[in-house]
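The numbers in the sequence shown follow this note's numbering, run straight up by one, and end at 787. Here the structure comes first, spelled out in structure tokens, and everything after it is commentary.
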Amino acid sequence: MELVENYISRIYRALEDLGGESLQDPMERCAAALDSEGLRLTASHMSLAEAVWHAQMDAPVVLWSSLEKRFFLILQAGPFRVRLIKLGDTVDQRFVVSRSDLAKMLGLKSVKEVTEVGLVHAKLMSELASIHAETEGSHGQHGHHGHDHGHEHAHMPPFRRFLKILRPERREIVLLLVFAVFASILYLALPLVVDTVVTNLAFGSQTKPFFQALVVIGQILAACLLLQALIVGFQHYVGELIQRRIIVRIAGDLSYRLPRVAARAFDNVHAPELVNRFLDSVTLQKNTAFFLLDGINVVVATLIGLVLLALYHFYLMIFVVILMIFVCLAVWPLSRRAVKTAIDESLCKYNLVDWFEQVATYPYMFKGRGGYEMAYQRTNDLASQYLLARRQHFRLVLRQFSGLLLISVIASVTLLILGVVLVLQQQLTLGQLVASELIMSSIVASIIKLGKKLETWYDTLAATDKLGHLLDLETETEDGETVAVENCSEGMHVEVKSMTFGYHPEHPVLENLSFTLAPGTRACICGDQGSGVSTLLDLCFALRQTDQGYIRFDGMDMRAWHLETLRNSMNLLRFDEFVSGTVIDNLRLGRADITLDEIHFALKTVGILDDCLKHPDGLDTIMRVGGAPFSTRQRVSLLIARALVQKPRLLMMDEILDGLDKQTLERLSEIVFDRARPWTVLIATRMPEIRQMCDLWIRL
């Protein structure tokens, strides 16, 4: 419920003025309004009963009433009734209605009827587990690392991050804990029944009433164990829901975070290799399910069993306390070092993956002289590093596990001797001794089971640490002005004034640079390799901030713009920037408003429509990352076609026309520099033919 309450004011602000008639789809209006509040709406068609179930899972649910012409926001749902707000009323005016009444308010015949539902969640769904969610005052509590990114920065301890990842699931975790307590108490019915039966047999109670009582006790025991089994089954169902939500939450976070990562965050890392850490979400998912199910059950059952032992006799209570102390001493001292060695081992595995990705990316480089040997030797070195890290980690885990095994053996023998002595002294009954041994055997089995899973726990923390490198990626600022462009049909005005920029303060790449591009200007950037041509395009695309000076677009400082709004009017074209998807997908780039007719016209204009249609799947041909199966000429033409359908006001190109054959160059240049197209062009090139077509030369 806390999660929903945090969203209520933001959702209400976004939706309070959206009631009434409109030609636009209600959920589309809702999604656009929520976007301004940093929230995302996922529209889906489901029954009202399913929508209420999502509300039970702490997901705010938005519904549209076709009768009242306004939105309803479900805040909380129980088995029979729901609590909601009618948007348009005050935020404190909440209603509790039955599910059937809610269906009538929405104009539905029953709760089973399918309707359009909006599920609300934060754009950064795992922001709590990011270092950027911490307050500045808490940064000093974090460690630092530089072994995985290529640069040092504050890094949240794995255990704290693990707790933050699980924080949205705390209600379900409490539910699992309550179930574990009940299941453990029900399981104690077995040793208690054994205690009763053995005690009666020891006193020679073999009469008919005894056998009748035994039947009743057996039925009660069966009922208890059956109920315990049902509870455990329900625990596994809740655990499955948590597993799904962990993956979806992390995936949703990264789908929003990665396109908005600040460019400098990738300066010293291999971004594709870094993203491989998402695979650790599967490790986190599976291992978390184990600890939330078996882990909680084992720990709770062990503690309850130890409490029952302590109730039998004062000496047994002392025995329990000593046992717990020795278990803690066997595990705790080495645990912190074991987490570090687990992280080191994980890093070595990712180094191997990174190397194999490089070999697969540039296979022909390794087919030449020395390539085979280089591939083998580097793999051998990295594998040796992994084996060393693995050996160091396993040594610690083995010491902990050996200690737990030794404690288990000593505890079992000690309890047997102590129990027999107490029985001989008539301070403990024979039934209590047998029950104690049953409980102790269960505790020993639990200790051994947890000992075997110590490595799983360290792998979980290592996986959490690896995911942290993704969740800690710095994103661009989302502040700024969303300026409405008065004249979208003309190019963008660009002004660069006294700009200085460098990747390192002592070595500026661009220094005191100034130029102005009037709307519709065709300008080229000229410079040698390493002179900062691509860097200037990055700056003009708002990927980086200037060290000195400023860049203004349409008269407003780049730092004042809302970056997403600004880039909606820009295109930056670079070689081979294609994703896995159809030709249509790579031209639309997610814009559903671009029609198929526009795509056909653009492809025909650049002269490759026939080339695309010759493929068996036509425009539905799947392109691989980088642009295959199309040739270099066709890929450049596709990039220009993308610009034609996107219609940017500022078109930037990073040497994509250089190296083309004369015929293709003339055709594409004519398209780009056609004065009928109002865009402003900023092109990096070294070709004199292209420079001659430009109004302005910017020399670096």
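No residue lacks a Cβ here, since even glycine has one placed at the ideal position from N, Cα and C.
Integer Cβ distance of residue i from residue j, believed to fall under 8 Å
i: S523; j: Y399; result: 6 Å
i: L725; j: N673; result: 7 Å
i: A610; j: C781; result: 6 Å
i: I709; j: G668; result: 7 Å
i: I161; j: L171; result: 5 Å
i: T772; j: L744; result: 6 Å
i: A429; j: Y545; result: 4 Å
i: V64; j: L263; result: A question about residue 64 goes unanswered here, because the residues of the chain that appear run from 88 up to 787.
i: V169; j: L189; result: 6 Å
i: V387; j: V268; result: 6 Å
i: T547; j: F249; result: 7 Å
i: W784; j: C613; result: 6 Å
i: L541; j: V484; result: 6 Å
i: H480; j: E568; result: With 8 Å as the limit, H480 and E568 do not qualify as a contact, their Cβ atoms being about 52 Å apart.
i: V285; j: L517; result: 6 Å
DSSP bridge partner residues for residue i (one or two, in chain order)
i: E757; result: Beta-bridge pairing links E757 to no other residue.
i: V204; result: S131 and L150
i: E826; result: Because the chain is modelled from 88 through 787, residue 826 falls outside the range shown and cannot be assessed.
i: G668; result: M710
i: N658; result: L738
i: H400; result: Paired residues: none, contrary to the question.
i: V768; result: R609 and L738
i: T562; result: V348
i: L783; result: A610
i: H556; result: Paired residue(s): none; H556 is not in a bridge.
Pick from the options that is closest to residue i, judged by C-alpha positions
i: M645; options: R456, S529, F298 and F628; result: F628
i: F688; options: S621, R729 and Q315; result: R729
i: R181; options: K191, S197, H594 and A164; result: A164
i: D340; options: Q322, L439 and G555; result: G555
i: K173; options: L150, K191, R186 and F167; result: L150
i: T448; options: D112, E115 and R711; result: R711
i: H208; options: V335, L541, V325 and V385; result: V335
i: L491; options: L600, L416, T587 and M404; result: L416
i: D354; options: L630, V768 and L752; result: L630
i: F588; options: S718, N599, L560 and Q519; result: N599
i: A476; options: Y459, K427, F378 and F413; result: K427
i: L653; options: Q445, D663 and I638; result: I638
i: Y126; options: E565, M411 and I272; result: Note that residue 126 is Leu in the sequence shown here, rather than Tyr. The candidate whose alpha carbon is nearest that of L126 is E565.
i: L390; options: L683, S271 and Y343; result: S271
i: R186; options: T129, G619, A138 and M461; result: A138
i: R661; options: V620, V496, L696 and L396; result: V620
i: D698; options: E685, R722, I681 and E568; result: R722
i: L520; options: G538, K540, S499 and L537; result: S499
i: R720; options: E753, D704 and G457; result: E753
i: F760; options: D748, K749 and R778; result: R778
i: V407; options: V385, I526, V362 and Q299; result: I526
i: K156; options: K196, F298 and M114; result: M114
i: V596; options: N374, E651 and Q635; result: Q635
i: D367; options: A358, A550, R351 and A349; result: A550
i: F602; options: F640, R257 and G617; result: F640
i: E582; options: Q616, G642 and G607; result: G642
i: T202; options: H132, V261, S528 and V183; result: H132
i: C117; options: H141, S134, F158 and A142; result: F158
i: G617; options: Y590, P716 and V394; result: Y590
List in chain order: all unbroken alpha helix (DSSP H) runs of 4+ residues lying wholly within the stretch 576-643.
List check, alpha helix (DSSP H) in window: 620-627.
Mind pulling the alpha helix (DSSP H) runs of 4 or more residues that sit fully within the stretch 704-764?
The qualifying runs are 719-733 and 749-759.
Please go through the stretch 477-538 and give each complete alpha helix (DSSP H) segment of 4 or more residues, from N-terminal end onward.
The stretch 477-538 contains no whole alpha helix (DSSP H) run of 4 or more residues.
Would you mind listing the beta strand (DSSP E) stretches within the stretch 128-197 that are 3+ residues and don't spill past its ends, in chain order?
Runs of the beta strand (DSSP E) inside the stretch 128-197: 148-152, 157-164, 168-173 and 181-185.
Hey, which unbroken runs of the alpha helix (DSSP H) at 4 residues or more fall wholly within the stretch 261-338?
As far as the stretch 261-338 is concerned, its whole alpha helix (DSSP H) runs of at least 4 residues are 276-289.
Contact between the stretch 552-569 and the stretch 242-251 (3+ Cβ pairs under 8 Å):
A contact is defined here as three or more CB-CB pairs under 8 Å, and the stretch 552-569 meets this definition with respect to the stretch 242-251.
Measuring CB atoms only, is the stretch 308-320 touching the stretch 273-286, in the sense that at least three cross pairs come out at less than 8 Å?
Touching, yes, given that three or more Cβ pairs across the two stretches are closer than 8 Å.
Are the stretch 441-461 and the stretch 472-489 touching, with three or more C-beta to C-beta distances below 8 Å?
These segments do not touch.
Between the stretch 431-439 and the stretch 454-474, do at least 3 Cβ pairs fall closer than 8 Å?
By the C-beta criterion, the stretch 431-439 is judged to be in contact with the stretch 454-474, since at least 3 inter-stretch pairs fall below 8 Å.
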